[in-house]
Amino acid sequence: MFLQYQVKTKALSVVPPSASVISVDSTVGFGTTGTIISGQNRIDYTSKTT
39 MFLQYQVKTK ALSVVPPSAS VISVDSTVGF GTTGTIISGQ NRIDYTSKTT
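Numbering (the numbering used here), first residue to last: 39 to 88.
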């Protein structure tokens with residue numbers, strides 16, 4: 039996989055595997071949809087709020 043650029047953020051709390059919402063400190067730089075890579079985990083997201 040080729041990553042053109044990296045945007046970083048931090049989860050505001052522990053995210054359980056069953057979570058459908060992840061609260062983060064900032065979504066600046068993230069597209070409306072996309073994929074988050076966290077360690078060995080790949081999380082596809084379909085929307086975001088600011």
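Just so you know, even glycine gets a beta-carbon here, dropped at the ideal spot from N, CA and C. Remember, predicted model here, so these are calculated numbers, not experimental data.
Note the first and the last residue of the continuous beta strand (DSSP E) segment covering residue i.
i      : result
Asp-82 : 79-83
Ser-76 : 72-76
What whole-angstrom Cβ distance do residue i and residue j have, given they're in contact under 8 angstroms?
i      : j      : result
Thr-71 : Ser-85 : 7 angstroms
Tyr-83 : Ile-75 : Actually they do not touch by this definition, with Cβ atoms about 12 angstroms apart.
Ser-61 : Ser-51 : 7 angstroms
Just verifying my parser: in three-state terms, what is the DSSP assignment at residue i?
i      : result
Ala-57 : coil
Val-89 : This structure leaves residue 89 out entirely; the chain is present only between 39 and 88.
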